[in-house]
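Okay, so here's the structure we're looking at.
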Amino acid sequence: MKNYAFPQTRMRRMRKDDFSRRMMREHVLTVNDLIYPVFVLDGEARTESVASMPGVTRVSLDNLMPIAAQCVALGIPALAIFPVIDAGQKSLDAAEAYNPNGLVPRVVRALKQAFPQLGIVTDIALDPYTSHGQDGLIDGCGYVMNDETVAVLVRQAQVHAAAGVDIVAPSDMMDGRVAAIRQGLDEQGFIHTRILAYSAKYASSFYGPFRDAVGSAGNLGVSSKETYQMDPPNSDEALREVAMDLQEGADMVMIKPGMPYLDIVRRVKDSFGVPTFVYQVSGEYAMLKAAAQNGWLDEKKCVLESLVAFKRAGADGILTYFALDVAVWLQS
Ligand code: PBG
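Structural data, given as structure tokens:
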């Protein structure tokens, strides 16, 4: 059968040289696409490594400062803070989550004072603070109660906003939390505090290393989060979640995890055309890192390829533990 396009059309012509490959390149990754997640601890002069995330550390505030300075110098727009809370401060009511002098508010105040131009994102969820490691308050059967949890999340968001955070990122997947947080912020005059909603957050096993990093894995035990996080086989449901969060006042939406959910990123971007973020989660980091450390993958090339794939899928920004490395690579 005759192929009419060929030989007039040869797709390889444009691929032949670097200049023409660059001319037709559709997507570019820049430092502006990066958000750097960091784990913070109480105390001083502490830096701990995370076994399941080689190269990632938990640091005390004094050791976080030079990292933040590096982000500013490299032009990374924002840091996302994840606290490691001492076991003694975890409880059933998660009261430490809204302590105005808790670890997160202290870190936010210090960072905003030293680096006012650096965007700071905080996670709104109770898992670092509950003795059972769930993202919310539980009833007698262990079920995570929605509305009771939302009330605590609002207090947590207000405390973070009062400390000066730029963006709150509810990652808990309770229903109605975005509207409640928006109202709670507005009532206290925090009209500029942005909401980055983890709208399509799946009940993923790729979060394993993160739970090691923040020390919630032991608390959670064999329990799972599938009564509130989304079921991995679903896709239409993600669009409903995003639609609701936008109606409730989300400024940005997020899909999580990243690489196994590129189809969701594309559908969300096409359906809503709103600022769409994606989280290359701890398990994705661990996979790439492990293969690279074994010499099985070229780390730099594979990481950059994984990140430009998010851009191609429609993401406006990426949370990635590789952000610092990538920012350096992009400079050279
Ligand atoms: C907690 C939270 C999680 C992550 C971000 N915020 C873990 C979870 O839901 O269990 C995962 C991030 C990662 O795996 O890198 N609400």
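Quick note on this note's numbering: the sequence shown kicks off at 256 and runs consecutively.
Positions of the beta carbon are idealized from the N, C-alpha and C atoms, including for glycine.
Predicted model only: the values in this text are computed from it and were never measured.
DSSP puts residue i in a beta bridge; with which residues?
i: residue 295; result: 314, 338
i: residue 394; result: In the DSSP output, where bridge partners are listed per residue, residue 394 has none listed.
i: residue 399; result: 393
i: residue 481; result: Answer is none; residue 481 lacks a bridge partner.
i: residue 422; result: 376, 449
i: residue 533; result: 510, 573
i: residue 472; result: Answer is none; residue 472 lacks a bridge partner.
i: residue 290; result: 333, 574
Only counting the same chain, and skipping five residues up and downstream in sequence, which positions put a Cβ closer than 7 Å to that of residue i?
i: residue 359; result: 336, 338, 377, 415
i: residue 355; result: 414, 417
i: residue 286; result: 329, 330, 331, 582, 585
i: residue 394; result: 400
At which residues does the alpha helix (DSSP H) containing residue i begin and terminate?
i: residue 540; result: 537-548
i: residue 436; result: 432-442
i: residue 464; result: 463-468
i: residue 529; result: Segment: none, residue 529 is in no alpha helix (DSSP H) and carries neither H nor E.
i: residue 562; result: 554-568
i: residue 366; result: 358-369
i: residue 270; result: 267-270
i: residue 451; result: No alpha helix (DSSP H) holds residue 451; the beta strand (DSSP E) holding it covers 449-456.
i: residue 304; result: It is not in any alpha helix (DSSP H) - residue 304 instead sits in the beta strand (DSSP E) that spans 302-304.
i: residue 278; result: 273-278
Within its chain, find whatever has a CB closer than 6 Å to the CB of residue i; leave out the 5 residues flanking it on each side and keep chain order.
i: residue 297; result: 358
i: residue 383; result: 338, 340, 469
i: residue 496; result: 454, 455
i: residue 313; result: 294, 296, 303, 339
i: residue 568; result: 517, 520, 521
Identify the continuous beta strand (DSSP E) that holds residue i and give its terminal residues.
i: residue 510; result: 507-511
i: residue 376; result: 374-379
i: residue 494; result: Element bounds for residue 494: not the beta strand (DSSP E) but the alpha helix (DSSP H), 491-502.
i: residue 582; result: Where residue 582 is concerned, there is no enclosing beta strand (DSSP E), although the alpha helix (DSSP H) it sits in stretches over 578-586.
State yes or no: is the C-beta of residue i nearer than 6 Å to some heavy atom of the ligand PBG?
i: residue 537; result: yes
i: residue 462; result: yes
i: residue 348; result: no
i: residue 465; result: yes
i: residue 490; result: no
i: residue 380; result: yes
i: residue 426; result: yes
i: residue 430; result: no
i: residue 390; result: yes
Buried or exposed for residue i, please, with buried defined as at least 16 other CB atoms from any protein chain shown within 10 angstroms of its CB.
i: residue 304; result: exposed
i: residue 428; result: buried
i: residue 375; result: buried
i: residue 326; result: buried
i: residue 457; result: buried
i: residue 447; result: exposed
i: residue 372; result: exposed
i: residue 480; result: buried
i: residue 291; result: buried
i: residue 282; result: exposed
i: residue 278; result: exposed
i: residue 484; result: buried
i: residue 260; result: exposed
i: residue 508; result: buried
i: residue 273; result: exposed
i: residue 321; result: exposed
Going by beta carbon distance, what residues of the same chain come within less than 8 Å of residue i, once the five residues before and after it are set aside?
i: residue 276; result: 269, 270
i: residue 350; result: 384
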